[in-house]
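Peer 1: Please read through the structure below; I'll follow up with questions.
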Amino acid sequence: MPADLAIVVLAAGKGTRLKSGRAKVLHQAGGLPLIAQVLRSLTPLTRGSRASTAGVWVVVGHQADAVRAAAEPFAVRTVVQRPQLGTGHAVAQALKVLPRGSARLLVLPGDAPLLRPETLQALVRAHAEQGVAATVLTAELEEPRGYGRIVRDASGGVEAIVEQGALPPEQAGLREVNSGTYVFNRAKLAGVLGKLGRDNVHREYYLTDAIKLLRQGGESVAAHLAREADEILGVNTPAELARVDTVLRWRKAEALMAAGVTLYQPETQAIDPDVAIGPDTIVERGVELRGATRLGRRCHIGASSILVNAVLADDVSVKPHCLVLNSKLGAGVSVGPFAHLRDGADIRAGARIGNYVEVKKSVVGEGAKAQHLTYLGDARVGRKTNVGAGTITCNYDGVNKNPTVIGDEVFIGSGTELVAPVKVGR
5 MPADLAIVVL
15 AAGKGTRLKS
25 GRAKVLHQAG
35 GLPLIAQVLR
45 SLTPLTRGSR
55 ASTAGVWVVV
65 GHQADAVRAA
75 AEPFAVRTVV
85 QRPQLGTGHA
95 VAQALKVLPR
105 GSARLLVLPG
115 DAPLLRPETL
125 QALVRAHAEQ
135 GVAATVLTAE
145 LEEPRGYGRI
155 VRDASGGVEA
165 IVEQGALPPE
175 QAGLREVNSG
185 TYVFNRAKLA
195 GVLGKLGRDN
205 VHREYYLTDA
215 IKLLRQGGES
225 VAAHLAREAD
235 EILGVNTPAE
245 LARVDTVLRW
255 RKAEALMAAG
265 VTLYQPETQA
275 IDPDVAIGPD
285 TIVERGVELR
295 GATRLGRRCH
305 IGASSILVNA
315 VLADDVSVKP
325 HCLVLNSKLG
335 AGVSVGPFAH
345 LRDGADIRAG
355 ARIGNYVEVK
365 KSVVGEGAKA
375 QHLTYLGDAR
385 VGRKTNVGAG
395 TITCNYDGVN
405 KNPTVIGDEV
415 FIGSGTELVA
425 PVKVGR
């Protein structure tokens, strides 16, 4: 991160058009809150900085504590905007607390989860190279309705940002739009923020007006065009939230397929950003892979299965309609269909968990089998043991959960009820 660069993320708004009781930036897209997606995109800019991410400030307001919690994993600092009087007012609050050494300021919205790290890096570089008062990240949209349009001067600089409702007929065909992401010379921005007015329908201080004031003061403003137009898409409505979620999911799918993973009907799948999958693994339609799930090589995940924080070794088969939560599956394990593993289930190499079997907080040893209609809770099952259909470990006595221990190479017949605490030897 350049030593003189501070980053301000605007995350104070309510998001009233979402018609939700939850703050806008807390809505999820691509498996993470919007604010988390934005902060992830900043990681390459902050990596290697002596201050780590101390140069990133998040402006909070509506549901401030919840937004802070969502941003906490990124070790950012926060500043409160109260009351919320617009984007210009939000940046003014941040300037009051930013370190004096930050001569440049990257400002971006907390609801723009599609911004790519390389685009933000290029924007910062372009600003430094051109030596202007401000640089605006822009994009060309086929349908720019609702966005402020970029009007360029004869030299290619930004002359003005004109909102949709104020466009004169001769500018109606402009397709280059404002993204709401900027790099400013801090001192020059500070010189105009105090001049912002509230003469608009919302009675707010708009950061876009700072661009106009800079130009009126004789300063130069540049535009940097995003390589992909969808990067600037924000979220104001549930439909827009669904759209950015789709884009993020597809980006993840493309990255996995490029690494040798086979995804059937990826448009039906939900794979979170921190999921890792080894090559030659096959994921069928309707699968959800959530959280920190890790899949090894040559695994096969059947249709409509859901895995959350699951760790699978190589050559694991999860048949259709399984639910695997916070569990580990060793090499060559077969699970399902319609199996439920949860709460730290540990299925060792070569074991088989069949249809309608639930395993909770239990270890199933290497090569062991529980093939049909079984509940294993708080149990330890030994190597090569066979658990017959309909077996139940009765682990709860009304007060405590008690363990069941089954040794190696044991045969448990069908319909057995093991009332814990109990041990079954070889």
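Letter by letter, the sequence shown follows residues 5 to 430 of the numbering used here.
We treat Cβ as the ideally placed atom computed from N, Cα and C, and that holds for glycine.
(1) Going by DSSP, what residue range makes up the alpha helix (DSSP H) through E122?
(2) Bridge partners of G65, per DSSP?
(3) So what's A138 in DSSP terms, helix, strand or just coil?
(4) Going straight from the alpha carbon of L22 to that of H376, what length do you get?
(5) Residues in the same chain with beta-carbon distance under 6 angstroms from A280, minus the five sequence neighbours each way, listed in chain order, please.
(6) Would DSSP call T57 helix, strand or coil?
(7) Under 8 angstroms Cβ to Cβ from G152, same chain only, skipping five residues before and after it: list those, please.
(8) Consult DSSP for S45 and reduce its assignment to one of helix, strand or coil.
(9) Quick check on DSSP: helix, strand or coil for F78?
(10) Is the CB-CB distance between L245 and A33 below 9 angstroms?
(11) Let me make sure I understand the geometry here. Which of G17, A10, P173, V320 has the alpha-carbon closest to that of S106?
(12) Going straight from the alpha carbon of A27 to that of V196, what length do you get?
(13) Within 10 angstroms of the Cβ of D276, are there 16 or more other Cβ atoms? Answer buried if so, exposed if not.
(14) Taking R289 as the reference, which of G282, G300, H304 has the closest Cα?
(15) Going by C-alpha distance, which of G334, I357, N330, D350 is nearest P341?
(16) Determine which residues share a DSSP beta bridge with D318 and list them.
(17) With C-beta atoms as the reference, is L316 less than 9 angstroms away from V322?
(18) Determine whether the beta carbon atoms of G282 and D318 lie at a separation below 9 angstroms.
(19) State yes or no: is the C-beta of L109 within less than 9 angstroms of the C-beta of L252?
(20) If you draw a straight line from the alpha carbon of L46 to that of A15, how long is it in whole angstroms?
(21) Quick check: the stretch 346 to 366 against the stretch 378 to 394, are at least 3 beta-carbon pairs closer than 8 angstroms?
(22) Under three-state DSSP, which class holds Q88?
(23) To which residues of the same chain is G354 closer than 6 angstroms at the C-beta, ignoring the five residues directly before and after it?
(24) Anyone know if the C-beta pair for L30 and Q67 falls short of 9 angstroms?
(25) Given this structure, state the Cα-to-Cα distance separating S159 from L229, to the nearest angstrom.
(26) Check this for me: beta carbons of S338 and V320, under 9 angstroms apart or not?
(27) Do F415 and T389 have their beta-carbon atoms positioned less than 9 angstroms apart in this structure?
(28) Closer than 6 angstroms by C-beta to S418: which residues in its own chain qualify, once you throw out the five before and the five after it? Chain order, please.
(29) Could you spell out where the beta strand (DSSP E) holding I236 opens and where it closes?
(30) Tell me the rounded alpha-carbon separation between A96 and L178.
(31) Starting from V196, follow the alpha helix (DSSP H) in both directions and report where the run begins and ends.
(32) Please list, in chain order, all residues of the same chain as L237 whose beta carbon is under 8 angstroms from its beta carbon, the five residues on each side excluded.
(33) Where does D350 fall in DSSP's three states?
(34) Determine the DSSP secondary structure at T420, reduced to helix, strand or coil.
(35) Just to confirm, are V136 and A226 a CB contact at a threshold of 9 angstroms?
(36) Any idea if Y209 is buried or exposed, counting beta-carbon neighbours within 10 angstroms, 16 or more meaning buried?
Peer 2: If we stick to the structure as given:
(1) Here residue 122 is taken as the residue at index 118 of the sequence shown, counted from 1. Taken as a continuous stretch (DSSP letters only), the alpha helix (DSSP H) holding E122 covers 121 to 134.
(2) Locating residue 65 in the sequence shown gives position 61, counting from the first residue. For G65, which the question treats as bridged, DSSP gives the partners Q67.
(3) Mapped onto the sequence shown, residue 138 falls at position 134. It is a strand residue.
(4) Against the sequence shown, residue 22 aligns to sequence position 18. Against the sequence shown, residue 376 aligns to sequence position 372. The alpha-carbon atoms of L22 and H376 are separated by roughly 46 angstroms.
(5) As a working mapping, residue 280 is identified with position 276 in the sequence shown. Taking A280 as the centre and dropping the five residues before and after it, the same chain places the C-beta of R298 closer than 6 angstroms to its C-beta, in chain order.
(6) Your numbering for residue 57 matches position 53 in the sequence shown. For T57, the predicted model reports a pLDDT of 40, less than 50, meaning its position is unreliable; a value from the coordinates is still stated below. T57 falls in the coil class under three-state DSSP.
(7) One-based indexing of the sequence shown puts residue 152 at position 148. I165, V166, E167, Q168, V181, N182, T212, listed in sequence order.
(8) Locating residue 45 in the sequence shown gives position 41, counting from the first residue. Of the three classes helix, strand and coil, the one that applies to S45 here is helix, per DSSP.
(9) On the sequence shown, residue 78 is found 74 positions in, with the first residue counted as 1. Note: F78 maps to helix in three-state DSSP.
(10) Along the sequence shown, read from residue 1 onward, the residue named residue 245 stands at position 241. Along the sequence shown, read from residue 1 onward, the residue named residue 33 stands at position 29. In this structure, A33 lies closer than 9 angstroms to L245 by Cβ.
(11) Residue 106 sits at position 102 when you count from the first residue of the sequence shown. Ranking G17, A10, P173, V320 by Cα distance to S106 puts A10 first.
(12) On the sequence shown, residue 27 is found 23 positions in, with the first residue counted as 1. On the sequence shown, residue 196 is found 192 positions in, with the first residue counted as 1. Using only the alpha carbons, I get a separation of about 30 angstroms.
(13) Here residue 276 corresponds to residue number 272 of the sequence shown, with the count starting at 1. With 16 or more other Cβ atoms within 10 Å, it is buried.
(14) As a working note, residue 289 is residue 285 in the sequence shown. Minimum Cα-Cα distance from R289 among the listed residues G282, G300, H304 corresponds to H304.
(15) Within the sequence shown, residue 341 is the residue found at index 337, counting from 1. Considering only alpha carbons, the answer is I357.
(16) Within the sequence shown, the letter at position 314 stands for residue 318. According to DSSP, which records beta bridges pairwise, D318 is partnered with nothing at all.
(17) For this step, residue 316 is matched to residue 312 along the sequence shown. For this step, residue 322 is matched to residue 318 along the sequence shown. Cβ atoms of L316 and V322: closer than 9 angstroms.
(18) The sequence position of residue 282 within the sequence shown is 278, counting from 1. The sequence position of residue 318 within the sequence shown is 314, counting from 1. The Cβ atoms of G282 and D318 sit closer than 9 angstroms to each other.
(19) Here residue 109 corresponds to residue number 105 of the sequence shown, with the count starting at 1. Here residue 252 corresponds to residue number 248 of the sequence shown, with the count starting at 1. No, the pair does not count as a contact, with Cβ atoms beyond the cut-off.
(20) The residue given as residue 46 occupies position 42 in the sequence shown. The residue given as residue 15 occupies position 11 in the sequence shown. Going from the Cα of L46 to the Cα of A15 covers about 15 angstroms.
(21) Two segments are said to touch when three or more pairs of C-beta atoms, one from each, lie closer than 8 angstroms; by this definition the stretch 378 to 394 touches the stretch 346 to 366.
(22) Mapped onto the sequence shown, residue 88 falls at position 84. Three-state result, Q88: coil.
(23) Indexing the sequence shown from 1 puts residue 354 at position 350. Answer for G354: G336, E370, G371, listed in chain order.
(24) As a working note, residue 30 is residue 26 in the sequence shown. As a working note, residue 67 is residue 63 in the sequence shown. Taking 9 angstroms as the Cβ cut-off, L30 and Q67 qualify as a contacting pair.
(25) Mapped onto the sequence shown, residue 159 falls at position 155. Mapped onto the sequence shown, residue 229 falls at position 225. Between S159 and L229, the C-alpha separation is close to 15 angstroms.
(26) Along the sequence shown, read from residue 1 onward, the residue named residue 338 stands at position 334. Along the sequence shown, read from residue 1 onward, the residue named residue 320 stands at position 316. Yes. Within cutoff.
(27) Locating residue 389 in the sequence shown gives position 385, counting from the first residue. Locating residue 415 in the sequence shown gives position 411, counting from the first residue. Yes; because the gap between Cβ atoms is below 9 angstroms, this pair is in contact.
(28) Taking the first residue of the sequence shown as position 1, residue 418 is located at position 414. Closer than 6 angstroms at Cβ, skipping near neighbours: G392, A393, G394.
(29) Looking up residue 236 in the sequence shown gives position 232. Element bounds for I236: n/a, residue is neither H nor E.
(30) As a working mapping, residue 96 is identified with position 92 in the sequence shown. As a working mapping, residue 178 is identified with position 174 in the sequence shown. Straight-line Cα distance between these residues: approximately 30 angstroms.
(31) For this step, residue 196 is matched to residue 192 along the sequence shown. Taken as a continuous stretch (DSSP letters only), the alpha helix (DSSP H) holding V196 covers 190 to 197.
(32) For this step, residue 237 is matched to residue 233 along the sequence shown. The residues are A116, L118, E244, R247, V248, V251.
(33) Along the sequence shown, one-based indexing puts residue 350 at 346. Here D350 sits in strand by DSSP.
(34) Here residue 420 refers to the residue found at position 416 of the sequence shown. In the structure shown, T420 sits in coil (DSSP, three-state: anything other than H, G, I, E or B).
(35) For the purposes of this step, residue 136 is taken as residue 132 along the sequence shown, with counting starting at 1. For the purposes of this step, residue 226 is taken as residue 222 along the sequence shown, with counting starting at 1. Cβ atoms of V136 and A226: closer than 9 angstroms.
(36) For the purposes of this step, residue 209 is taken as residue 205 along the sequence shown, with counting starting at 1. That one is buried.
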